[in-house]
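Those sequence lines, one after another, are chains D and X. Going by my numbering, the first sequence opens with residue 994, and the numbers climb by one from there. Going by my numbering, the second sequence opens with residue 2, and the numbers climb by one from there. Cβ atoms here follow ideal geometry from the backbone N, Cα and C, with glycine treated the same way. Report on the following structure.
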Amino acid sequence: MTDVPTPSPRRFGYVGLWRALPRELAFLLTVLPVAIVTCVVGWTGLALGLGLAIVWIGLPIGVATLLLSRRFGEFELRRLRLAGRPAIAAPDWSLRHRGQGIWRRALVVLVDGRTWSYWAHGAIVQLVLGTITWSIGLVWIVLALGGPTYWFWGRFESHGDGEIWLHTVVLEGFPGYTAERSQSGLFVGESVFFAVVGVVFLVTLPLVGHGLVLLHQAVARGMLGEGESAALRREISASESSRVSAILAEDDALRRLERDIHDGPQQSLLRVQYDLSSSIRALSSDDETLRPLLESALGLTKDTLHELRELSRGMAPPLLQDRGLASAIRSLASRSPVPTTAAVDLTVGEVDLGPVERSVYFVVSELLANVAKHSGATAASVTIRATVSTGLRARRRRDLVVEVVDDGRGGAREVSGHGLNGVAARVTGLRGTLVVDSPGGGPTRVTVTLPVGSASGTELAAPLR
Amino acid sequence: MPSSASESVPVEPVAVVRVVLADDSVLLREGVARLFQEAGYHVVGTYGDADSLMADLDRTKPDLAVLDIRMPPTYRDEGVRAGIAIKAVHPPVGVLLLSQYTEAEYAADLLDTGAAGVGYLLKDRVSSLDELQDAVERIVAGGTVIDEQIVRELLARRHDPLERLTPREVEVLSLMAEGRTNQGIADGLHLAVASVEKHTTSIFQKLDLDDSGAAHRRVLAVLAWLRKD
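Here it is as structure tokens:
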């Protein structure tokens, strides 16, 4: 054996079980006292709460009891962790507490299933299970320690004639066994018997201790863990967040690209234009070789600059960057071939719309292009307004609602490759919704709802720059 | 759109127009300054941002301030705001916005102040000395200059009552919206001034507009009509 520390601290194997034993025994031996406390507090609190519910004081007592149950449950999870078990994630209570007002929060606690599961664990399950595991654990420890040492402590007991020796009772049934006659012989036999039994218990002690802790762990995982649906929800929310951040990062990159093109190539091309025109003017009037060349160069420069402008307008409209969403939408409406009115109200409170502005702009741009291409409308309107709604679990979400209405022939649908499809992809990517109401004969109403700040979407409100 | 072929030789202005200009890009600042000098104007100051241009106005006493739109500190619409501020503090100073993009909203902001002697052009336009001189002279004379691209965009969406206009009247209307006088329109379309006057009267009747005579107010009326929903 070398004394190089073992790289893997995993406690598999029998020796590992022994090493873990002290912590596990410490857990098991305290299970029952802890369970008695949680049981007494849990039931007393509940009984008081129910009994006094008719007077207002009952409600706070009930809520306090449940909140205390959560602490008890978390204490149990910590004890399991100390016993060497892998950590079990407790539910994120803060997510269940969204909402305003102390009464509302109190009610949320009272109807929360997971909280009641915590209460049941502390007040019922822990006591029943703890009584069993604690007893088994205790018996095992006593026999494992007491058995092999009987030869020593047994002598301090008084052994009378009428005493029943345990080993004689057990071994009686075996053929060929005859009990010793002398007291000393019987004591030796008893010592050997106890030693054998004790060794068996001693050898199995780490296995039993480990098993009992695992039993508690399994129950705790079921009753105190965050639950699979919560874990799944968290995962979905994480993947949604990454999709949202991908869209926002793309927007941000394009915005920067537009600035760079504006400050770099566009300015150089303008300067080239200026210099070329000056050169053409400086040519003598009878120059017939350079003039056409320079004029063609000037024309090409103008065209290139124009294309570059169109390109960056498509990436990140300058007015949107320089003046914000309301101006950009008004400009879109005024440029639309179908006479369009725009009403933009962006009073969403303290939420920064910056990151979703580009998406809103392109949604409106695409919808107006559709109106112009397919609807045959003579008038259209764009309305943008912010709403605050209270959704599931009292979460407040802020939405931007974009409505484009036209008086065209209707019948618009979400078809692959159609403009509406691209809008839908972007909108769902940002966790929004797209509703198309377009009966044959019109009018067509397209409503897009984009979350701009909520419990699960706060990252939308974080400025990227 | 050159207003006439006869202006291709730079003419010496009677009183030299004093010009200050602000653009954060050195490359363009130098380029534009050279074009103005080439056109016979006196460039009395060039600046990297609008604030320093404005701080220097009492010293430079310009006839015309030429402003880029995106300038420090935020690189958004500093030029538009500076133009409006200059018009408020020094009404006689002409303001010409030069930009990489034409936005009807910026033109509207400038015109909504009601001030005379303002212009808004795409930066490309000044490479032609004719257009540069034409714009400067109109602004300094208290007129209005609007980039043809903005006018085209505004015209493009108002096809309803415009359908009552003849093609010739639409041409006249767009030049009018750019801020040209009847003489300028006549030059641009190779028409007699008298027939331009006939067209404008007809246009104003068809669009139910009040022809108030002065070129600047006429532009405001036409643009306001074009912009209304």
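Contact list for residue i against chain D, beta-carbon separation under 8 angstroms
i: Y121/X; result: Ordered by position in chain D, no residue passes the 8 angstroms Cβ test against Y121/X, which lies about 14 angstroms from the chain.
i: S26/X; result: D1256, Q1260
i: G32/X; result: L1263, R1264, Y1267, D1268
i: E39/X; result: S1271, R1274
Residues of its chain near residue i, where Cβ-Cβ distance is below 7 angstroms and the 5 sequence neighbours each way are ignored
i: R1378/D; result: D1338, V1394
i: A1137/D; result: G1191, F1194, L1195, L1198
i: A1362/D; result: G1412
i: A51/X; result: A23, L68, M72, E79, G80, A83
i: S1289/D; result: none
Residues near residue i in its chain [Cβ-Cβ closer than 8 angstroms; skip 5 each side]
i: D148/X; result: T103, A108, Y121, L122, L123, R126, E179
i: D1423/D; result: One detail in the question is off: residue 1423/D reads as Leu in this sequence, not Asp. Around L1423/D: V1237, I1240, V1349, S1352, L1443, P1444, L1453.
i: R153/X; result: S175
i: D25/X; result: G49, D50, D69, R71, M72, P73, Y76
i: R1419/D; result: I1240, S1352, F1355, V1356
Cross-chain neighbours of residue i in chain X, by beta carbon under 8 angstroms
i: H1255/D; result: R71, Q101
i: R1284/D; result: Result: empty, since nearest Cβ-Cβ is about 14 angstroms, beyond 8 angstroms.
i: R1078/D; result: Per Cβ cutoff of 8 angstroms: no residues; R1078/D is ~57 angstroms from chain X at best.
i: R1302/D; result: Q101, Y102
Proximity of residue i and residue j at Cβ, strictly below 8 angstroms
i: E54/X; j: A23/X; result: The sequence shown places Leu at residue 54/X, not Glu. Yes. Within cutoff.
i: V137/X; j: M177/X; result: no
i: G118/X; j: V90/X; result: no
i: E1219/D; j: A1082/D; result: yes
i: W1112/D; j: L1073/D; result: no
i: A1309/D; j: L1247/D; result: yes
i: Q1266/D; j: K1295/D; result: yes
i: L1217/D; j: T1124/D; result: no
i: L1122/D; j: V1027/D; result: no
i: L1039/D; j: G1051/D; result: no
i: A1116/D; j: T1031/D; result: yes
i: I1095/D; j: L1018/D; result: no
i: V1324/D; j: I1254/D; result: Residue identity check: residue 1324/D is Ser in the sequence provided, not Val. No. Outside cutoff.
i: L1291/D; j: R1284/D; result: no
i: V194/X; j: T145/X; result: no
i: L155/X; j: R228/X; result: yes
i: W1146/D; j: G1182/D; result: no
i: V1398/D; j: P1436/D; result: yes
i: G95/X; j: L133/X; result: no
Distance cut-off 7 angstroms: residue i Cβ against heavy atoms of the ligand SAM
i: S1358/D; result: Absence of the ligand SAM from the depicted structure is noted, as is the absence of any ligand whatsoever, leaving it without description.
Chain-ordered chain D contacts of residue i [CB-CB under 9 angstroms]
i: D125/X; result: L1263, Q1266, K1295, L1298, H1299
i: L36/X; result: Y1267, S1270, S1271
i: S196/X; result: The premise fails here: S196/X is roughly 31 angstroms from chain D at the closest Cβ pair, so nothing lies under 9 angstroms.
i: E138/X; result: What E138/X touches in chain D: nothing, since even the nearest Cβ is about 18 angstroms away.
i: E154/X; result: S1327, R1328
i: R228/X; result: S1327
Residues that residue i contacts on chain D, provided the C-beta gap is smaller than 7 angstroms
i: D78/X; result: D1315, R1316
i: L29/X; result: Q1260, L1263, R1264
i: S128/X; result: Q1266, Y1267, S1270
Interface residues of chain X facing residue i [CB-CB closer than 7 angstroms]
i: L1496/D; result: Because chain D is modelled from 994 through 1458, residue 1496/D falls outside the range shown and cannot be assessed.
i: P1432/D; result: The premise fails here: P1432/D is roughly 26 angstroms from chain X at the closest Cβ pair, so nothing lies under 7 angstroms.
i: S1324/D; result: E104, A105, E106
i: S1320/D; result: E106
6 angstroms CB neighbourhood of residue i in its chain, flanking five on each side removed
i: H43/X; result: V17, R19
i: Y1007/D; result: none
i: F1065/D; result: T1031, G1115
i: S4/X; result: Legend: pLDDT at S4/X = 44, less than 50; position of this residue unreliable, value from coordinates given subsequently. Excluding residues within five positions, the ones whose Cβ falls inside 6 angstroms are D135, G185, D188, G189.
i: F1187/D; result: G1140, Y1143
i: S1001/D; result: Unreliable placement is indicated for S1001/D, whose pLDDT of 44 sits below 50; the coordinate value is still reported in the next sentence. Excluding sequence neighbours, S1001/D sits near nothing in its chain.
i: G1450/D; result: Note that G1450/D scores 40 on pLDDT, short of 50, meaning its location in the model is unreliable and no value can be drawn from it.
i: L1120/D; result: A1028, C1032
is_contact[residue i, chain C] using C-beta, thresh 8 angstroms
i: E164/X; result: Any reference to chain C falls outside this structure, whose protein chains are D and X.
Span of the alpha helix (DSSP H) around residue i
i: V1196/D; result: 1176-1217
i: D1268/D; result: 1260-1275
i: A16/X; result: Taken as a continuous stretch (DSSP letters only), A16/X belongs to no alpha helix (DSSP H), as it is neither H nor E.
i: A51/X; result: 51-56
i: I186/X; result: 183-190
Terminal residues of the beta strand (DSSP E) in which residue i lies
i: R19/X; result: 19-23
i: V1364/D; result: Note, V1364/D: premise wrong, no beta strand (DSSP E); not H, not E.
i: G46/X; result: 43-48
i: V1337/D; result: 1333-1337
Length-filtered (3 minimum) beta strand (DSSP E) runs lying within the stretch 84-143 of chain X | Segments of the beta strand (DSSP E) lying fully in the stretch 84-143 of chain X: 95-100, 119-123.
Which ranges would you report for the alpha helix (DSSP H) in the stretch 1067-1112 of chain D if only whole runs of at least 4 residues count?
-> With a minimum length of 4 residues, the continuous alpha helix (DSSP H) runs that stay inside the stretch 1067-1112 of chain D are 1095-1103.
Within the stretch 1380-1441 of chain D, ranges of the alpha helix (DSSP H) (whole runs, at least 4 residues) | For the alpha helix (DSSP H) assignment, the uninterrupted runs of no fewer than 4 residues enclosed by the stretch 1380-1441 of chain D are, from N- to C-terminal side, 1412-1422.
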